[in-house]
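These notes are about the structure you will find just below.
There are 2 protein chains.
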Amino acid sequence: MFKLSKKVEYGILSLQYMANQNGNIITAKEISEHLNISFEFLSKTLQSLIKQGLIESIQGVHGGYKLAKPADKITFSDVIRALENRSSIVECLTEDIENCGRISCCTIKTPMTQIQDKINNIFDITTIAEIAIY
Amino acid sequence: MFKLSKKVEYGILSLQYMANQNGNIITAKEISEHLNISFEFLSKTLQSLIKQGLIESIQGVHGGYKLAKPADKITFSDVIRALENRSSIVECLTEDIENCGRISCCTIKTPMTQIQDKINNIFDITTIAEIAIY
DNA sequence: ATAAAATACGATAACAATAGTCGGATTTAT
DNA sequence: ATAAATCCGACTATTGTTATCGTATTTTAT
């Protein structure tokens, strides 16, 4: 599977929604209703975005969330990093594998690294600002 | 997760190995030993590659496998198509979804399609021939 | 003070996809 | 006939995702 997780999908939609709020605070409930997704699941998603420093939260009765920085400074890579245990297209690129059983004969590491770089680049250069205008 | 499945990884390695055999037939056992992967699992992988027309098999005592076409005509996309239930980065791009609950407000379809196209292109232009030289 | 409205967060269940195994059937050269 | 190989469906195990639940904490209005 080569699919973004629901968390990433919801994260992007939420960030986009916040980007269109002109800096106003917005509640998880409002986002969850607008996007028609589970409030609890969304909340966890938003909390992960906080940890990554992409959004800020205000607790209490008039609390909620807002972007922590300009939308053009938030890349898809940031969102993915916040919300997925993102691994590389093949394990050996990122994880320190003592022995994949093929070390002596593995010949795809270089081309796979090149592919990985291209994919990373796609998500690096795409920002929330770009999709907020839609 | 944005990871190629083991089947695709093994498929690519197997195809690369076959590409370096100068058209000679090679057995699943030999590949599985060379790559140090389960014979049974590899066999299923190879059978899927046959179905997709990427390799040919010869049954019987001196049987085995070989490429069905030149290595530069076999793309990573071909391999992925043969070995994974490949879906798009977000469901709504490929599957006919009557109601994702966000149709009326979804605004990421266009940018997601563009990203999908770029990713597809990466795998479309990478061939077994390119990695066989390594 | 107290209640209400909001976020924070760990535990866990449900589900889906991948990864791997098993057993038996078929094909073919010798 | 036998051995060496592919073929293939059924099954199990593992892993990752998706979702829910319960409870705690923070802040504001009254």
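Each protein sequence line maps, in turn, to chains A and B.
Numbered by the working numbering, the letters in the first sequence go through residues 1007 to 1140 in order.
Numbered by the working numbering, the letters in the second sequence go through residues 1007 to 1140 in order.
Ideal Cβ positions, reconstructed from N, Cα and C, are used throughout, including at glycine.
Less than 8 Å between CB atoms is the rule here; does residue i satisfy it with respect to chain A?
i	result
Ile-1137 (chain B)	yes
Arg-1087 (chain B)	no
Phe-1008 (chain B)	yes
Asn-1042 (chain B)	yes
Leu-1019 (chain B)	yes
Ile-1121 (chain B)	yes
Thr-1051 (chain B)	no
Ile-1061 (chain B)	no
Ile-1080 (chain B)	no
Ile-1131 (chain B)	no
Ile-1032 (chain B)	no
Glu-1015 (chain B)	yes
Can you list, in chain order, the residues of its chain with a C-beta nearer than 8 Å to that of residue i? Leave out the 5 residues immediately preceding and following it.
i	result
Ile-1031 (chain A)	Ile-1064, His-1068, Gly-1069, Gly-1070, Tyr-1071, Lys-1072
Just tell me which of the options has its CA closest to the CA of residue i.
i	options	result
Ile-1055 (chain B)	B:Met-1007, B:Ala-1074, B:His-1040	Note on identity: in this sequence residue 1055 (chain B) is Leu, with Ile being the wrong assignment. That would be B:Ala-1074, whose Cα lies nearest to the Cα of Leu-1055 (chain B).
Phe-1047 (chain B)	B:Lys-1079, B:Glu-1097, B:Gly-1017	B:Gly-1017
Glu-1090 (chain A)	A:Lys-1057, A:Ile-1043, A:Gly-1066, A:Glu-1036	A:Lys-1057
Ala-1138 (chain A)	A:Ile-1080, A:Val-1014, A:Lys-1124	A:Ile-1080
Tyr-1023 (chain B)	A:Ile-1114, A:Ile-1125, A:Arg-1087, A:Asn-1028	A:Ile-1114
Ile-1180 (chain B)	B:Ile-1086, B:Lys-1124, B:Cys-1112, B:Ser-1110	Only positions 1007 to 1140 of chain B appear in the structure, and residue 1180 (chain B) is not among them; the question remains open.
His-1040 (chain B)	A:Asn-1127, A:Arg-1092, A:Cys-1106, A:Glu-1036	A:Cys-1106
Asn-1028 (chain A)	A:Pro-1076, A:Glu-1136, A:Phe-1045, A:Glu-1036	A:Pro-1076
Ser-1110 (chain A)	B:Asn-1042, B:Glu-1015, B:Gly-1059, B:Cys-1111	B:Asn-1042
Glu-1136 (chain A)	B:Ser-1044, B:Arg-1108, B:Gln-1120	B:Gln-1120
Is it right to say residue i is buried, meaning 16 or more other beta carbons lie within 10 angstroms of its own, or is it exposed?
i	result
Ser-1038 (chain A)	buried
Phe-1008 (chain B)	buried
Asp-1078 (chain A)	exposed
Thr-1100 (chain B)	exposed
Asp-1084 (chain A)	buried
Ile-1125 (chain A)	buried
Here's a check: name, in chain order, each residue in its chain whose Cβ is nearer than 6 Å to the Cβ of residue i, leaving out the five neighbours to either side.
i	result
Phe-1082 (chain A)	Phe-1129, Thr-1132
Ser-1049 (chain B)	Ala-1034
Val-1096 (chain A)	Met-1118
Lys-1013 (chain A)	Thr-1051, Leu-1089
Gly-1059 (chain A)	Ala-1074
Please confirm whether residue i has its beta-carbon closer than 8 Å to some beta-carbon of chain B.
i	result
Ser-1093 (chain A)	yes
Gln-987 (chain A)	Outside the displayed range of chain A (1007 to 1140) lies residue 987 (chain A), so it cannot be described from this structure.
Thr-1113 (chain A)	yes
Ile-1128 (chain A)	yes
Ile-1125 (chain A)	yes
Between which residues of its own chain and residue i is the CB-CB distance below 7 Å, once the five residues before and five after are set aside?
i	result
Leu-1052 (chain A)	Ser-1020, Ala-1034, Ile-1061, Tyr-1071
Ser-1011 (chain B)	Leu-1089, Glu-1090
Gln-1122 (chain B)	Ser-1094, Ile-1095, Leu-1099
Jot down the residue ranges of each uninterrupted alpha helix (DSSP H) in the region 1057-1139 of chain A, minimum 4 residues, whole runs only, in chain order. 1082-1089, 1115-1131, 1134-1138
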